[in-house]
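One line per chain: the protein sequences are A and B, in this order. Every letter in the first sequence is one number past the one before it in this note's numbering, and letter 48, counting from 1, is 48. Quick note, this note's numbering runs 93 ahead of the 1-based positions in the second sequence. For reference, the structure discussed in these notes is given below.
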Amino acid sequence: MRQQLLYLWLAESALDTEVVAWAVYDGAKGGGPALPSSEAAGAFPYATGLEVIESGWRLLQAPQAGSPVGTTEPLLGELQFQFIFERWVAIGS
Amino acid sequence: MGDRHRLLSTAAMADFVADGFLRFDALVPEPLNWAALEEMKELAPGKLRRALHGLSGRPGTLPSGSDSIESPESLTPLEDCYPAPSALGEVLRLPAVAGIIESLVGSNPVFDHDFIHHIPAGAPRGQHLHVDAVLEPAAQAFDIQLFYFPTAVAKGGGGTRFVPGSHFRRARAEGIARYQHVLGEQHYSGPPGTLLVFHQGLWHAGQPNPSGEDRWMYKLRLNPRVPQQRLWNTADFPGLHNDPRDHSFARPGSHSVAQRLRRMAPWQKGHEGRYEQMQRAALWRYLSGDPAFDVDFYQTRQRVRAGALSPGER
Numbered sequence: 001m002r003q004q005l006l007y008l009w010l011a012e013s014a015l016d017t018e019v020v021a022w023a024v025y026d027g028a029k030g031g032g033p034a035l036p037s038s039e040a041a042g043a044f045p046y047a048t049g050l051e052v053i054e055s056g057w058r059l060l061q062a063p064q065a066g067s068p069v070g071t072t073e074p075l076l077g078e079l080q081f082q083f084i085f086e087r088w089v090a091i092g093s
Numbered sequence: 094m095g096d097r098h099r100l101l102s103t104a105a106m107a108d109f110v111a112d113g114f115l116r117f118d119a120l121v122p123e124p125l126n127w128a129a130l131e132e133m134k135e136l137a138p139g140k141l142r143r144a145l146h147g148l149s150g151r152p153g154t155l156p157s158g159s160d161s162i163e164s165p166e167s168l169t170p171l172e173d174c175y176p177a178p179s180a181l182g183e184v185l186r187l188p189a190v191a192g193i194i195e196s197l198v199g200s201n202p203v204f205d206h207d208f209i210h211h212i213p214a215g216a217p218r219g220q221h222l223h224v225d226a227v228l229e230p231a232a233q234a235f236d237i238q239l240f241y242f243p244t245a246v247a248k249g250g251g252g253t254r255f256v257p258g259s260h261f262r263r264a265r266a267e268g269i270a271r272y273q274h275v276l277g278e279q280h281y282s283g284p285p286g287t288l289l290v291f292h293q294g295l296w297h298a299g300q301p302n303p304s305g306e307d308r309w310m311y312k313l314r315l316n317p318r319v320p321q322q323r324l325w326n327t328a329d330f331p332g333l334h335n336d337p338r339d340h341s342f343a344r345p346g347s348h349s350v351a352q353r354l355r356r357m358a359p360w361q362k363g364h365e366g367r368y369e370q371m372q373r374a375a376l377w378r379y380l381s382g383d384p385a386f387d388v389d390f391y392q393t394r395q396r397v398r399a400g401a402l403s404p405g406e407r
């Protein structure tokens, strides 16, 4: 068995909001079921985080509540709402 | 002051604030592109040799090269870089290119550094998404980076990947490496002589080049030495620049700077976009010299409210 990881960054903190960025890592090195395209640019096959768990991925990490912004001008940083999913696959499946 | 007709418009400057980049297709004419490419090929080994020497941290004399063209030192005024005869100097002094530079960072900024980015045909690996240099203290003054492509770059031919609108997202250089795909990102392709001009903070990455053509790009970073305030052609400024009443939830303008700054990139969804708007408005306050400028009232209501504070709280 090997682990496949799917990182999603969603528009908001809720799992049923839109995907704005994504990344995949394949511990099966292509020997498992096909992953969402990791190379070609284009539309992501899942519109929301909810669709990902409906497709059989398990949620591994969800974003914690962020710190409240201070009294000065709020600064923007990396993408806020990172969700990590995994699935375990048999090699050669 | 240069010829105002070659300077950017207020509308283009507002688009730069919103998107973090401007693109000018086939800006440099073809014969000059060929000469610039030859000069870039000549300069590339020396620039690489110097960078590797510096980054190695090893004491010792820099190995001498046989460069016939001298690479500028950092802090050199741009007007003294690549004196004639130099094709790259000629590119930088083209009225259209000089006008873009002057509009954004003044007529004689200083040379920070440049580099020749060569991705050979068939190169399998690309860079991770990154921001150049380091996380700097928050300030409105900004550098620009020119990306000049002397030859045509086909789709999938190693054109730079970049994320429009990402320039206000403060991040360590490789902190953003994990974003393999971002909605609305672009992979540059275009005709010879195209120039991209980036805000220093724009997220970008070199790409693999599975094509059969080498990809060449000249990249130049420039630092402003003057306040970047209304350096462009302001003929359209009075008609576009708005006052703080331009507010989506009250009476928004239709052809205002604010309306241009409301246009979000595909990855900037929902209410998070309000923070992008605040950053854009702050940069436009700096560029326009109007401290009261606002988009959708986020700063203005704080200023109004400040009048409610007791003297000890102000």
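Every residue gets a Cβ at the ideal spot worked out from N, C-alpha and C, and that includes glycine. This one's a predicted model, so the numbers in the text were calculated from it and none came from an experiment.
Taking only beta-carbon atoms, is residue i less than 8 Å away from chain A?
i        : result
B:Ala231 : yes
B:Arg263 : yes
B:Gln321 : no
B:Gly268 : yes
Residue i touches chain A at which residues, Cβ-Cβ below 8 Å?
i        : result
B:His297 : Result: empty, since nearest Cβ-Cβ is about 14 Å, beyond 8 Å.
B:Glu365 : Ala11, Glu12, Gln80
Buried or exposed: which applies to residue i, given that a residue is buried once 16 or more other Cβ atoms fall within 10 Å of its Cβ?
i        : result
B:Ala343 : exposed
B:Thr348 : With the sequence shown as reference, residue 348 of chain B is identified as His, and Thr is not the correct amino acid for it. Result: exposed.
B:Ile237 : buried
B:Ser167 : exposed
B:Pro165 : buried
B:Ala107 : buried
A:Ala65  : exposed
B:Met133 : buried
A:Ser55  : exposed
B:Asp389 : buried
A:Gln61  : exposed
B:Glu163 : exposed
B:Arg254 : buried
B:Gln322 : exposed
B:His221 : exposed
B:Arg265 : exposed
B:Gln395 : exposed
For the beta strand (DSSP E) that contains residue i, what are its first and last residues?
i        : result
A:Asp26  : 19–26
B:Trp296 : That residue, B:Trp296, is in no beta strand (DSSP E); it is neither H nor E in DSSP.
A:Phe44  : No beta strand (DSSP E) holds A:Phe44; DSSP gives it neither H nor E.
B:Phe109 : Segment 103–112 is the alpha helix (DSSP H) holding B:Phe109; no beta strand (DSSP E) there.
A:Gln82  : 81–89
A:Leu10  : 2–10
A:Val60  : Before going on, a small fix: residue 60 of chain A reads as Leu here, not Val. Here the beta strand (DSSP E) through A:Leu60 covers 58–61.
B:Arg271 : Segment: none, B:Arg271 is in no beta strand (DSSP E) and carries neither H nor E.
B:Leu315 : 308–316
B:Leu239 : 237–242
Indicate whether at least one CB of chain B lies closer than 8 Å to the CB of residue i.
i       : result
A:Tyr7  : yes
A:Gly77 : yes
A:Ala14 : no
A:Ala11 : yes
A:Gln80 : yes
A:Phe44 : yes
A:Pro74 : yes
A:Gln3  : no
A:Ser38 : Only weak support is given to the placement of A:Ser38: the predicted model assigns it a pLDDT of 47, under 50, and the value that follows is read from those uncertain coordinates. Closer than 8 Å: yes.
Would residue i count as contacting chain D if we go by Cβ distances under 8 Å?
i        : result
B:Glu369 : Chain labels in this structure do not include chain D; the protein chains are A and B.
Taking the alpha helix (DSSP H) that residue i falls in, what are its first and last residues?
i        : result
B:Gln372 : 366–381
B:Leu333 : 330–333
A:Glu54  : 49–54
B:Val290 : Run containing B:Val290: none in the alpha helix (DSSP H); it sits in the beta strand (DSSP E), 287–292.
B:Gln352 : 350–354
B:Val319 : Per DSSP, B:Val319 belongs to no alpha helix (DSSP H) and is neither H nor E.
B:Gln395 : 393–399
Against residue i, what residues of chain A qualify as contacts under a CB-to-CB distance less than 9 Å, listed in chain order?
i        : result
B:Tyr272 : Tyr7, Trp9, Ala21, Trp22, Ala23, Glu78, Leu79
B:Val275 : Trp9, Val20, Ala21, Trp22, Leu79
Please compile the residues from chain B whose C-beta is within a distance smaller than 7 Å of the C-beta of residue i.
i       : result
A:Glu51 : Those do not exist, as A:Glu51 stays about 15 Å from chain B at its closest Cβ, beyond 7 Å.
A:Glu18 : Lys362
Any heavy atom of the ligand SAH closer than 7 Å to the CB of residue i?
i       : result
A:Asp26 : Among the components modelled here there is no ligand, and therefore nothing to report on the ligand SAH.
Can you pull the chain A residues whose beta carbon is under 7 Å from the beta carbon of residue i, in chain order?
i        : result
B:Gln372 : Leu76
Fill in: beta strand (DSSP E) runs contained entirely in the stretch 143–228 of chain B, provided each spans 3 or more residues
Within the stretch 143–228 of chain B, the complete beta strand (DSSP E) runs of at least 3 residues are 203–212.
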